[in-house]
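In terms of my numbering, the sequence shown opens at residue 55 and continues consecutively. Worksheet: the structure to be examined is printed underneath.
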Amino acid sequence: MRTSQNKYEGGRLINGYDYDNQAWVIGGRYVRCGHPERMQCKCYGRLHEGEKTKVSQELHLSQETEEILGADLLERMARV
């Protein structure tokens, strides 16, 4: 189980997992998947290895922020 959180700077994923593209990110760049070469997969990490992440359009909040604001307020904000 993963216990760390994603790290964002200026709306860009710097370290963590990009769930939209299903690829790991280190230092703001996509990391190649761990599949064997012979598999010839089309994973995003393999196809975009080394590319910089883009600014996300979503608002990413830390767990602490979620606890302070409360789930109800965050749900209302998401509907706006």
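Glycine included, every Cβ here is placed at the ideal spot set by N, Cα and C. The model shown is predicted, which means the values in this text are computed figures rather than measured ones.
Checklist entry - Between which two residues does the beta strand (DSSP E) containing residue 66 stretch? => result Here residue 66 corresponds to residue number 12 of the sequence shown, with the count starting at 1. Element bounds for residue 66: 66-72.
Checklist entry - In terms of residue numbering, what span does the alpha helix (DSSP H) encompassing residue 86 cover? => result Position 32 of the sequence shown, counted from the start, is the residue given in the question as residue 86. Segment: none, residue 86 is in no alpha helix (DSSP H) and carries neither H nor E.
Checklist entry - Near residue 102, what residues of its chain come up, given a Cβ to Cβ distance below 6 Å and the 5 sequence neighbours on each side ignored? => result In the sequence shown, residue 102 corresponds to position 48, counting from 1. Cβ neighbours of residue 102 beyond the five flanking positions: 84.
Next on the checklist: Can you tell me whether residue 72 is buried or exposed? The criterion is at least 16 other CB atoms within 10 Å of its CB, across all chains shown.
Outcome noted: Residue 72 sits at position 18 when you count from the first residue of the sequence shown. Under this definition residue 72 is a buried residue.
Checklist entry - Just checking my contact of residue 107 with residue 82 at CB under 8 Å: how many whole Å lie between their CB atoms? => result Here the question's residue 107 lines up with position 53 in the sequence shown. Here the question's residue 82 lines up with position 28 in the sequence shown. With a Cβ gap of about 6 Å, residue 107 and residue 82 count as contacting.
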